[in-house]
Amino acid sequence: MKNKLHRFFYKPPFAVPLVQFALRKEEKRSFDTARVLILQMSGVLGLILNLILSTVKILAGSLFNSLALIADGLNNLSDALVSFVTIVGIRWSAKAPDKEHPYGHGRIEYLLSAAISFLIFFAGLSVFRAGFEKVRTGAEGDQLSGLVLIFMLLSILVKLWLFFFYRFLGESLRSELLISNSRDSLSDVFASSAILLGLGITALGGPNSDGWLSLAVSLLIFREAWEVLKNTIDKLLGGRPSPQQVVRIREFLNGRPEILGFHDLMIHDYGPGRIFVTVDAVVDGRKDLLTLHREIDQTEEEARDKLKLRLTIHMEPVLEDDPIINGILPVFESKLAELSPAFSYHDFDLMGEDHHIIRFDLLIPEEEERSDEKLIAQLRQNLEKDLPGYHLDVRIKRNLLGI
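Here you go:
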């Protein structure tokens, strides 16, 4: 029984087949096209369920004079609007790039997520106002009847299932919009549970507590609205990519034999399916240029297929057997380690007519407290004795992605 419940909620019925359909490779259907279809189908399912819940609750609440059912039904009606926005918005976000939007329209999903956060907020505000009014006036709530109990429990179960359904699809298809929908469904679970709990306490002879419970639940709903809005703002402002995404890219690049190392990884998010990545890759400078170019092209194509992103690689050829550089590197690396073993470097080269200018990029952890000027001064001081006559041309970068 426990395993069945786990499968029902963690991998809800219909969700797994839909994801498998979206992810399978078909000659006549691209991943992006399948993804849009699945997201729209999930929106249609949410629209139908919310309309059914809303209609039944409002009719039953009107017939049996239950304000709790009517209020919950109106809340489901706003959720149906969220589902409709999902259906329409997904189609907009999938529009091909055009002259005004050369990187596509994928960020429309993020804008719609922001809109959903405001809908969640207003739902919480409605719960807060109702609870505050009951606390202020001391008004008694509805009586718990068999009908109210059945509809409330049914609503909680359906919304809980929708929460897991949307979350599973949202994480599988990397859709911020569906993840926002899942949080919206969870806020409804909170609201309906508070109403039901308050009615139950009153029915058992306890104090009329549904007003206070409504106030407490409204705070949870406000928190959900803030989380949705915060995540959306981070996406729109170019926030830090997820650690999982960075790990996937890093493992992919480390698995390419032609890439000896890489740095300056930058991830630009223009919406689902519109992820652009640039990176500097260290390659063997002794190899034929055309051969290297073909290998890098193949790597970029595989990244599109396997990672679903647009990868652009800047080749950085190095000569690993340069006698002058190899004579300096051991001293340089030991002095760099004295500053901090967490420091690393790249783009090391000797410049100038007499090759006495040491140029490199210094990569330091983001939590490093010493200023750039202080670090450069300390490194110059460390190198003066062991490498006399050499001058430093250093560019300091903070490792914000943890690579």
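Numbers given in my numbering equal positions in the sequence shown, counted from 1, plus 80. Idealized CB from N, CA, C, for every residue including glycine.
For residue i, which residues of its own chain have a beta-carbon under 7 Å away from its beta-carbon, when the five flanking residues on both sides are left out?
| i | result |
| --- | --- |
| Gly-469 | His-436 |
| Ser-163 | Gly-123, Gly-126, Leu-127, Asn-130 |
| Gln-458 | Leu-419 |
| Leu-387 | Arg-328, Ile-329, Phe-332 |
| Gly-186 | Ser-173, Tyr-350, Gly-351, Pro-352, Gly-353, Arg-354 |
| Asp-268 | Asn-155, Asp-159, Lys-239 |
Using only alpha-carbon positions, find the residue among the options that is nearest to residue i.
| i | options | result |
| --- | --- | --- |
| Leu-131 | Gln-120, Ile-138, Ala-114, Leu-157 | Leu-157 |
| Ile-196 | Asp-152, Val-308, Val-228, Ile-404 | Val-308 |
| Leu-345 | Thr-379, His-394, Glu-382 | His-394 |
| Leu-233 | Leu-133, Ile-259, Leu-258 | Leu-133 |
| Glu-251 | Arg-390, Arg-115, Phe-440, Asp-441 | Arg-115 |
| Glu-189 | Ser-272, Phe-243, Ile-313 | Ile-313 |
| Ser-322 | Glu-304, His-348, Gly-204 | His-348 |
| Leu-340 | Ile-408, Asp-364, Tyr-183, Lys-315 | Asp-364 |
| Ala-383 | Gly-432, Arg-328, Leu-369 | Arg-328 |
| Thr-358 | Lys-367, Arg-366, His-343, Thr-371 | His-343 |
| Ile-167 | His-181, Pro-182, Leu-192, Asp-178 | Leu-192 |
| Pro-182 | Pro-397, Leu-295, Phe-356 | Phe-356 |
| Asp-360 | Phe-212, Glu-396, Ile-275, Glu-256 | Glu-396 |
| Pro-403 | Ala-210, Thr-379, Asp-429 | Asp-429 |
| Pro-337 | Gln-324, Val-326, Val-362, Gln-325 | Val-362 |
Under the three-state reduction of DSSP, which class applies to residue i: helix, strand or coil?
| i | result |
| --- | --- |
| Asp-185 | The sequence given here has His at residue 185, not Asp. Three-state DSSP puts His-185 in coil, outside helix and strand. |
| Leu-152 | Inspection of the sequence shows that residue 152 is occupied by Asp rather than by Leu. Correct three-state label for Asp-152: helix. |
| Ala-176 | coil |
| Asp-452 | helix |
| Ser-262 | helix |
| Leu-127 | helix |
| Pro-352 | coil |
| Asp-268 | helix |
| His-436 | coil |
| Phe-201 | helix |
| Lys-367 | coil |
| Glu-251 | helix |
| Tyr-246 | helix |
| Lys-137 | helix |
| Pro-445 | strand |
| Val-474 | strand |
| Ser-424 | strand |
| Leu-480 | coil |
| Glu-213 | helix |
Quick check on the burial criterion: 16 or more other C-beta atoms within 10 angstroms. Buried or exposed for residue i?
| i | result |
| --- | --- |
| Lys-105 | The predicted model places Lys-105 with a pLDDT of 46, which falls under 50 and marks its position as unreliable, so this point remains unresolved. |
| Leu-249 | buried |
| Glu-400 | exposed |
| Ala-490 | Residue 490 is absent from the structure shown; the chain starts at 81 and stops at 483. |
| Asn-155 | buried |
| His-471 | exposed |
| Arg-216 | exposed |
| Asn-406 | exposed |
| Gly-351 | buried |
| Ala-25 | Here the chain has residues from 81 to 483 only, and residue 25 is not among them. |
| Tyr-246 | buried |
| His-373 | exposed |
| Gly-184 | buried |
| Val-297 | buried |
| Asp-466 | exposed |
| Lys-137 | buried |
| Asp-385 | exposed |
| Asp-473 | exposed |
| Ser-142 | exposed |
| Glu-381 | exposed |
| Gly-226 | exposed |
| Lys-315 | buried |
| Leu-370 | exposed |
| Thr-392 | exposed |
| Phe-231 | buried |
| Thr-113 | exposed |
| Phe-198 | exposed |
| Pro-237 | The amino acid occupying residue 237 in the given sequence is Leu; Pro does not appear at that position. Leu-237 comes out exposed. |
| Leu-409 | exposed |
Just to confirm my understanding: we take residue i, look at its own chain, exclude 5 residues before and 5 after, and list those with CB closer than 8 Å. What are they?
| i | result |
| --- | --- |
| Leu-480 | Arg-320, Glu-446 |
| Ile-444 | Ser-420, Ala-422, Phe-423, Leu-455, Ile-476, Lys-477, Arg-478, Asn-479 |
| Arg-171 | Val-116, Gln-120 |
| Ile-150 | Lys-137, Ile-138, Gly-141, Ser-142 |
| Asp-377 | none |
| Val-411 | Leu-463, Asp-466, Leu-467 |
Beta-carbon within less than 6 Å of residue i's beta-carbon, same chain only, minus the 5 sequence neighbours each way: which residues are those?
| i | result |
| --- | --- |
| Leu-317 | none |
| Ile-259 | Gly-250 |
| Phe-201 | Ala-305 |
| Leu-442 | Tyr-425, Val-474, Ile-476 |
| Phe-302 | Gly-204 |
| Leu-463 | Lys-415 |
Length at least 4, wholly inside the region 294-355: the alpha helix (DSSP H) runs in chain order: Entirely contained in the region 294-355, the alpha helix (DSSP H) runs reaching 4 residues are, in chain order, 323-334.
Any alpha helix (DSSP H) of 4 or more consecutive residues that is wholly inside the region 389-413: Fully enclosed alpha helix (DSSP H) runs of no fewer than 4 residues are not present anywhere in the region 389-413.
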